[in-house]
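See below for the structure under consideration.
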Amino acid sequence: GMMSELSSFGGRANSGINNEIELLKSKKLTKEVVQRLNIQNTVYSKKGLRATELYENSAPFLVSVISEKKVPADFKIEPVKVQLNGDKVLLSSENLDNTITSTYNKTINLPFANLILTKNPKYTKTDLIDPNKLYFVFAPIDKVVSDLQKIIDIKLVDKEATVIGISINYPNIDKGKAIV
2 GMMSELSSFG
12 GRANSGINNE
22 IELLKSKKLT
32 KEVVQRLNIQ
42 NTVYSKKGLR
52 ATELYENSAP
62 FLVSVISEKK
72 VPADFKIEPV
82 KVQLNGDKVL
92 LSSENLDNTI
102 TSTYNKTINL
112 PFANLILTKN
122 PKYTKTDLID
132 PNKLYFVFAP
142 IDKVVSDLQK
152 IIDIKLVDKE
162 ATVIGISINY
172 PNIDKGKAIV
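Under my numbering, the sequence shown is numbered contiguously, ending at residue 181.
Written out as structure tokens, the structure reads:
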């Protein structure tokens with residue numbers, strides 16, 4: 002996450018600290034974090050009326066973007082429901098005319114992007130997640146970056162010690178920690 006970028010701080014002068022803060026807030030760095038952590042797509046499980054964001058070991062699969070597609074500005078990207086049946090992956094959405102049947106590790110052509118779903122090697126089953134009610138939400142990377150920049154707070158905590166504070170208000174604590 003962003004903390005790893007702080008290792009280059011060393012003993013820089015105060016004037017350089019403000020430049021470092023701006024660098025940490027930059028679109029370029031935020032985009033690198035989104036790509037490195039593979040958080041462009043958000044996976045959820047619905048249980049009753051509540052949807053829970055799945056991340057790291059709670060997500061049975063990972064969604065990776067191969068390429069985004071240009072879509073009209075008024076095109077609403079709907080959530081994609083995912084049914085897992087062994088190595089079979091079935092995808093359905095209001096954006097799709099038919100259910101797509103595929104497998105893990107295979108390119109899936111959706112109206113808004115080409116994606117690959119892979120089994121999550123870190124996945125640990127839990128009773129809190131209904132594996133039959135999984136879905137993911139895709140967002141263009143520029144939107145994910147912009148949204149993330151709005152909720153990350155980076156500021157000088159102590160001018161004398163040149164201490165920088167980085168905080169984020171994110172519903173999934175583990176994901177928020179990884180981003181920071």
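All residues carry an ideal CB built from backbone N, CA and C; glycine is no exception. None of the values given here were measured: they were computed from a predicted structure.
Short Cβ contact (8 Å threshold) for residue i with residue j
i    : j    : result
K26  : V146 : no
L38  : F62  : no
S68  : T119 : no
V34  : I142 : no
V1   : P112 : Look at the range of the chain in this structure, 2 to 181, and you will see that residue 1 is not part of it.
S168 : D154 : yes
V81  : F139 : yes
S59  : I130 : yes
K48  : A114 : no
E57  : K126 : no
K28  : Q150 : yes
K176 : I40  : yes
N170 : I152 : yes
Run of the alpha helix (DSSP H) containing residue i, from where it starts to where it stops
i    : result
K28  : 28 to 38
D148 : 142 to 152
G166 : No alpha helix (DSSP H) holds G166; the beta strand (DSSP E) holding it covers 164 to 169.
Minimum Cβ-Cβ distance from residue i to chain C less than 8 Å
i   : result
S65 : Annotation note: the requested chain C is absent from the structure, which comprises a single protein chain.
Start-to-end residues for the beta strand (DSSP E) that takes in residue i
i   : result
A52 : 51 to 55
F62 : 62 to 69
S46 : 43 to 48
Residues bridged to residue i (per DSSP)
i    : result
K176 : According to DSSP, K176 bridges with nothing at all.
V81  : F137
D159 : V164
Sufficient close CB pairs (3 or more, under 8 Å) joining the region 124 to 135 to the region 46 to 53: yes
Could you give the uninterrupted runs of the alpha helix (DSSP H) lying entirely in the region 84 to 152, keeping only those of 4 residues or more? 142 to 152
Three or more beta-carbon pairs under 8 Å between the region 157 to 165 and the region 102 to 109, yes or no? no
So, does the region 160 to 175 touch the region 82 to 98, judging by three or more C-beta pairs under 8 Å? no
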